[in-house]
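Here the structure is laid out as structure tokens; the discussion comes afterwards.
Residue numbers (the numbering used here): 778 to 1142.
Written as structure tokens, this is what we have:
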């Protein structure tokens, strides 16, 4: 197998599952930050994805190896000494774009994400053991949520810069961090909705407890942030198109030639047009089948989006998809599905010890 092709495929798969786990963690922290009541009955599903952050951190280890052994894998062009020599732009970015600082950022970000997921999930589970009405854990989680949110915003932004934007080190976009966040949260919402709908269909979650009102709130978030992604994507494109600077427009030019032009059009349809019209009505947002369908489309949209961002650096003429690309995706997915199954086999599917559970069950729009 071509080492460079494998490294790009691994990065693609890693960023997708990173989006799902970190999106779940963000959802959990957001609910504690806002003191949300409606989400208590479904928060455990989000916690199940956040709890897998440790294995996502292990998936990042090969990326560090690709960086340190760049001569073999050629993942980041700025690691090639011959590529940097005589290039004033890359030479000026060397204090930031170097393998030691990149590794440090990845390790620190991953370390904090793993610790945060452990903190929120273990305290939620501990409340189950203590019984309903004990709110010490809730108070601690609520007090630490603001600090995590500040770190989350910075870490997601710089991860987008490091692992995606730096694949084309001459290109830059100050809005790319927000673009990365939009994809992460939409993915997190999609996997949470799929988890809720699946557990509800298997009666692990009672349909009289997780009611259409809860589904509507989840659907409303997915609808809103699909629109938010479209707004950010268009804003980024529009500003670069209007500025018409060669060092900025080249990134989009690469994605509008050959087969990539078709992918660019499909991306807008899959990530915004379809979710917008399928979730526009109130009835659609309360339909488990409709929500599951749109969630699958949103997940496919994130995979397509990441592929569109990453792969033109490797396949300049158009998309190429075969077993070298699908292998890492299926391997990581299989591991995470197994871990999620174990999680629900060992823990309640609902935060039964949360002091706000009764109010959440009674939630009505």
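Even for Gly, the Cβ is constructed at its ideal location relative to N, Cα and C.
Remember, predicted model here, so these are calculated numbers, not experimental data.
Beta-carbon spacing of residue 941, residue 1097 below 8 angstroms: no
Are at least three pairs of beta-carbons, each pair with one atom in the segment 1098 to 1117 and one in the segment 980 to 989, less than 8 angstroms apart? no
In the DSSP assignment, find the unbroken alpha helix (DSSP H) run with residue 820 in it and report its ends. 820 to 827
Candidates 1001, 976, 956: which alpha carbon is nearest residue 1011's? Ranking the options by Cα distance to residue 1011, first place goes to 956.
Helix, strand or coil, according to DSSP, for residue 1088 in the structure here? Residue 1088 carries a helical assignment under DSSP once its states are collapsed to helix, strand and coil.
Tell me where the alpha helix (DSSP H) around residue 796 begins and ends. 780 to 811
Taking the alpha-carbon positions, what's the residue 788 to residue 1025 distance? Each residue's alpha carbon lies about 23 angstroms from the other.
Proximity to residue 824 [Cα-Cα], best of 805, 815, 817: 805
Per DSSP, what kind of secondary structure is residue 871 in: helix, strand or coil? coil
Residue of 1109, 907, 1064, 1049 minimising C-alpha distance to residue 1004: 1049
Report buried or exposed for residue 1062, applying the criterion of at least 16 other Cβ atoms within 10 angstroms of its Cβ. It is buried - the Cβ of residue 1062 has at least 16 other Cβ atoms within 10 Å.
Hey, residue 1069 and residue 1052: beta-carbon distance below 8 angstroms or not? no
Range of the contiguous alpha helix (DSSP H) that encloses residue 1064: Here residue 1064 belongs to no alpha helix (DSSP H), and DSSP marks it neither H nor E.
When burial is assigned at 16 or more other CB atoms within 10 Å of the CB, is residue 858 buried or exposed? exposed
For residue 851, count neighbouring C-beta atoms within 10 Å of its own C-beta (all shown protein chains included) and say buried if the count is 16 or more, exposed if not. buried
Are at least three pairs of beta-carbons, each pair with one atom in the segment 959 to 966 and one in the segment 877 to 886, less than 8 angstroms apart? Verdict: no, contact absent.
Along the chain, where does the alpha helix (DSSP H) containing residue 919 start, and where does it finish? 913 to 940
At least 3 beta-carbon pairs within less than 8 angstroms: the segment 1022 to 1041 vs the segment 916 to 926: no
Residue 1126 (DSSP reduced to helix, strand or coil): In this structure, residue 1126 counts as coil in the three-state DSSP scheme.
On a Cα-Cα basis, can you pick out the residue from 802, 1030, 1067 that is closest to residue 892? 802
Using C-beta distances below 8 angstroms, list every residue in its chain close to residue 906, excluding the 5 sequence neighbours before and after it, in chain order. 1130
Looking at the unbroken alpha helix (DSSP H) that takes in residue 833, where does it start and where does it end? 830 to 836
Nearest to residue 816 by alpha carbon, out of 935, 783, 991, 845? 991
With three or more C-beta pairs closer than 8 angstroms as the rule, is the segment 825 to 837 touching the segment 857 to 874? The segment 857 to 874, when compared against the segment 825 to 837, does not touch it at the 8 angstroms Cβ threshold.
Can you tell me the Cα-Cα spacing of residue 1139 and residue 818, whole angstroms? Approximately 10 angstroms, taken between the alpha carbons.
Does the ligand GDP have a heavy atom nearer than 7 angstroms to the CB of residue 865? Ligands displayed in this structure: none; no statement on the ligand GDP is therefore possible.
Measuring alpha carbon to alpha carbon, tell me which of 915, 872, 962, 856 ends up nearest residue 1001. 962
Could you check the C-alpha separation between residue 977 and residue 1126 for me, to the nearest Å? 10 angstroms
Buried versus exposed, by CB contacts within 10 Å (16 or more), residue 1057: Label assigned to residue 1057: exposed.
Give the list of continuous beta strand (DSSP E) stretches no shorter than 3 residues that lie fully inside the segment 929 to 998. Within the segment 929 to 998, no complete beta strand (DSSP E) run reaches 3 residues.
Hey, out of 1077, 881, 944, 951, whose CA is closest to residue 1016's CA? Out of 1077, 881, 944, 951, 951 has the C-alpha closest to the C-alpha of residue 1016.
Short of 8 angstroms in beta carbon distance, which residues of its chain neighbour residue 993, apart from the five on each side in sequence? Order them along the chain. Here the set comprises 1059, 1062, 1063, 1142.
Decide if residue 897 is buried, meaning its Cβ has at least 16 other Cβ atoms within 10 Å, or exposed. buried
So, with DSSP's three-state summary, where would you put residue 1032? coil
Taking the alpha carbon of residue 1145 as the reference point, which residue from 810, 840, 1013 has its own alpha carbon closest? Given that the chain is displayed from residue 778 to residue 1142, the structure contains no residue 1145 and the question cannot be resolved.
Endpoints, the alpha helix (DSSP H) within which residue 879 is located: Residues 876 to 907.
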